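Protein chains: 2
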Amino acid sequence: MNDRHLSDLLAFLRYPSVSTDPARKEDVARCAAWLAGKLESIGLQAATYPTPGHPIVVARNAHRADRRTVLIYGHYDVQPVDEPELLEGETPDPNRHWMTSPFEPALRDGVIYGRGAADNKGQLFSHVCGVSEMLEGSRELPVNLVFLVEGEEEIGSVNFGAFLHAHREELRCDIIAVSDTGMIAPGVPTFTYGLRGIAAAELRVTGAASDLHSGIYGGAVGNPATCVARLVASLHHADGRIAVAGFYDDVTPLAEWERAAWSRLPLTDADLQRVTGAPDLVGEAGYSALERVWARPTAEVNGIGGGFQGVGSKTVIPREAFAKLTFRLVADQHPAGVFAKVKAHFETHCPRGVRLEVKQGHGGEPYLTSPNLPAGLAAQNALRRAFPGREVALIREGGSIPIVATFRQVLGVETLLLGLALPDCRAHAPNENFPVENFEAGIRLNRALLEELAQK
Amino acid sequence: MNDRHLSDLLAFLRYPSVSTDPARKEDVARCAAWLAGKLESIGLQAATYPTPGHPIVVARNAHRADRRTVLIYGHYDVQPVDEPELLEGETPDPNRHWMTSPFEPALRDGVIYGRGAADNKGQLFSHVCGVSEMLEGSRELPVNLVFLVEGEEEIGSVNFGAFLHAHREELRCDIIAVSDTGMIAPGVPTFTYGLRGIAAAELRVTGAASDLHSGIYGGAVGNPATCVARLVASLHHADGRIAVAGFYDDVTPLAEWERAAWSRLPLTDADLQRVTGAPDLVGEAGYSALERVWARPTAEVNGIGGGFQGVGSKTVIPREAFAKLTFRLVADQHPAGVFAKVKAHFETHCPRGVRLEVKQGHGGEPYLTSPNLPAGLAAQNALRRAFPGREVALIREGGSIPIVATFRQVLGVETLLLGLALPDCRAHAPNENFPVENFEAGIRLNRALLEELAQK
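Chains A and B supply the protein sequences, listed in that same order.
Sequence positions in the first sequence follow the working numbering and run 1 to 456.
Sequence positions in the second sequence follow the working numbering and run 1001 to 1456.
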């Protein structure tokens, strides 16, 4: 391992670039400036663009018309530390407390610990180091390259779409590569060709003018908490299918080759049960848990509330209740269309005696590409070169990265999702980590990827 | 109006006998001592009995074997003040703020304002004044009398049952009278012959070991919030009937005479809708709202919760969710039996993939007597004498006063519920009040009641 790469990554990790925290605004800006300086120092032309929020860093080599153009996307902002105060006499719990300071990255047993180690500084920086090595060796890259690195990914990329639109000519490219996903197991090269989208909604049901005594008025009026429960219960059939009319209309079915490939992966439903600690795996009939998470849409309650929340009992009929919902979508569902169907469903199913409001929340398009397009085959070759002797896992993921669909819409190109984080990387949690060997594999991957893509 | 009666009541109201507040323990004790002294001063033998909580006051005349024995129950403790701080520049809102100090009773337009004015000091004290007048005039009551006044009614009468058991020989009586309920409208003498019971339960559903990312795991595992919603939704059929097997087995049907009598009352479903501000009145099919509240059991959610409660969205599958429920019961349902059926129902209906806990909460028996038993007819005569020219409203109430069932179990006698408070008495709320004319009517009622009961 090149010592400078590691010491540079540790320097990158020391910036507390927490995008959601207004008190960290200067730290976020300093992190962007450091990254631009680093990209400049390895031989690229780098610029930092202000946005209404945090800056966007763009770097490129000198482009030539006879080469293909590859855009590597990443983000330099990180999640908050999110650690409860350690009470007097309490032993730190690694599930809740950092064992070492989140912004003083530590190396233990070949693993880098620190906020952003995996998500996304470590993964992004392996590409930076790969490019650095190629430029040092040959003074030339095999492709036209653009690094596009934002500082607001953890807060919904709020200014990124507008930036893409405004700069779409300069950002024109043939393919996009992103390492911000996961590997299914240590050492298993993993190519993600599908992501779920999302449509958020909030139900609010109101009844009487104030909380009512459940003895004096119970039986006379509708109970908003009961009504919210009935609306939530109306979302699913007994077999786990979603009962919203037309919900599955635009769903691309799971392909037979996917089902066959996934059944051979070194990742099973038993692994999912162990990781979650759930009493059992349940969901839509006819699919394995992995298939349900990766290839089927869902309707989940993220929060439900109403009435008395304290210890014991208080005999009220609450005046209002709510449910916060997200629907995970698969190709070719669209958030706006799904929200409209969900809203109509709730309006049809709302019991009498209460008022219902259905508010639309954020949305993100699902993404599905073929891993066997020329660029996808090139990426598979690169993964085999970075992880010699291992079969490439072709997977989808259940989470949402809405900008991937935005890339397709605005720039008209596909995105290669080449994850380097392990399942226990603890992204968004205390003790986030990234093994040095994954960092090294990422550097190998970058070099192989640019070479493979140059030929497609 | 006898000026001394009113000034005595105001003195009684000045004691801040808030039973739930440990800081008021001495005030509660002083209030009990004052009441015992007052009862002694009018010619009764009074005693104050300590309990593990607040004292119980008992007073009696000299009993004679040839007279019937009447026990008048009441409570001298009161609800907390429960007033939010008035912010700088905020105008006091009579729904939230006291217009005059709760323990400095004020007389405005013939109405007494103060904590406890209606619940229960004012109502109780009208009986004390009635007895006082009779003793002053004739030096003799027409009945053997027992006043039994507790100081823990507002905190669930926690020590009252044990006291009743321990003193059941001294408290032996033929009938009990209580003025701690309401009149359906000003000037309408009201006899309550039924109360609902209560059975409380809490559902807790747990799933995965921690909150899960709804993208990464959504579809694989059960969602506790969804499961709680489905369990709550399973409680009712579409027509509003409760779907728990055997729930209605022990329900005494609403009698035809009750339906007919209630339809003639100066209290309608429209009044209920106006008072509650509900968009519509809904509930079990086949009954008016008044019938549902007074004569039919219910299942209400008092609180529901789980997952993200803040503004916006957080894409988690919550690790647990709960619902707090109370079932209002009618004769001859029993809390323990209903809880057992409800628990079995939830265990049968709980979706796979989660763990369910059903906890039993507090319970209270319903009460139903006939208004046309000899003592009931006597009470109706007394009400007609206290409110000349008005028809007596024979009603049930939807709330629960569990000690009434305890009286029947321990002492083996019925209870006459002769309410003197108006619908807008604001019991348990700021600006609690009791009209002087109701106080006077209560004094007339006491005299008439003891005379009528003497002859039955």
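Where is the CB? At the ideal position from N, CA and C, for every residue including glycine.
No experiment lies behind these values; they were computed from the predicted model shown.
Terminal residues of the alpha helix (DSSP H) in which residue i lies
i: A:F387; result: Where A:F387 is concerned, there is no enclosing alpha helix (DSSP H), given that its DSSP letter is neither H nor E.
i: A:N446; result: 436-454
i: A:I403; result: 402-411
i: A:T315; result: No alpha helix (DSSP H) holds A:T315; DSSP gives it neither H nor E.
i: B:T1252; result: No alpha helix (DSSP H) holds B:T1252; DSSP gives it neither H nor E.
i: B:T1276; result: 1269-1276
i: A:L290; result: 289-295
Enclosing beta strand (DSSP E) for residue i [first to last residue]
i: B:N1302; result: 1298-1307
i: A:K341; result: No beta strand (DSSP E) holds A:K341; the alpha helix (DSSP H) holding it covers 335-349.
i: B:V1111; result: 1111-1113
i: B:L1107; result: 1106-1108
i: B:E1357; result: 1355-1364
i: B:V1070; result: 1069-1075
i: B:T1415; result: 1415-1418
Interface flag, residue i vs chain B, CB-CB below 7 angstroms
i: A:L458; result: Here chain A has residues from 1 to 456 only, and residue 458 of chain A is not among them.
i: A:S19; result: no
i: A:I401; result: no
i: A:L212; result: yes
i: A:T252; result: no
i: A:A208; result: yes
i: A:I72; result: no
i: A:N159; result: no
Residue-level contact to chain A via CB, residue i, 7 angstroms cutoff
i: B:Y1217; result: yes
i: B:G1277; result: yes
i: B:E1150; result: no
i: B:L1416; result: no
i: B:A1289; result: yes
i: B:K1343; result: no
i: B:V1316; result: yes
i: B:T1268; result: no
i: B:E1300; result: yes
i: B:F1308; result: yes
i: B:G1156; result: no
i: B:L1281; result: yes
Status (buried if at least 16 other CB within 10 Å, exposed otherwise) for residue i
i: B:K1359; result: exposed
i: B:S1186; result: As written in the sequence, residue 1186 of chain B is Pro, which differs from the Ser given in the question. With fewer than 16 Cβ atoms within 10 Å of its Cβ, B:P1186 is classed as exposed.
i: A:D109; result: exposed
i: A:V311; result: exposed
i: B:A1386; result: buried
i: A:P266; result: exposed
i: B:A1238; result: exposed
i: B:N1002; result: exposed
i: B:E1169; result: exposed
i: B:L1195; result: buried
i: B:H1236; result: buried
i: A:A270; result: exposed
i: A:D77; result: buried
Three-state secondary structure assigned by DSSP to residue i
i: A:E140; result: coil
i: B:T1369; result: coil
i: A:Q380; result: helix
i: B:T1100; result: coil
i: B:A1233; result: helix
i: A:R396; result: strand
i: B:T1226; result: helix
i: A:R328; result: strand
i: A:A260; result: helix
i: A:A375; result: helix
Neighbour flag for residue i against chain D, beta carbons, 7 angstroms
i: A:T226; result: This model lacks chain D altogether, as its protein chains are A and B.
Original post:
What are the complete alpha helix (DSSP H) segments, minimum 4 residues, inside the segment 1002-1062 of chain B?
Top reply: 1003-1014, 1025-1041
**OP:** At 3 residues or longer, and completely inside the segment 1178-1211 of chain B: list those beta strand (DSSP E) runs for me, N to C.
**Re:** 1190-1195, 1197-1206
Original post:
Which runs of the beta strand (DSSP E) spanning at least 3 residues fall entirely within the segment 120-174 of chain A, listed in chain order?
Top reply: 144-150
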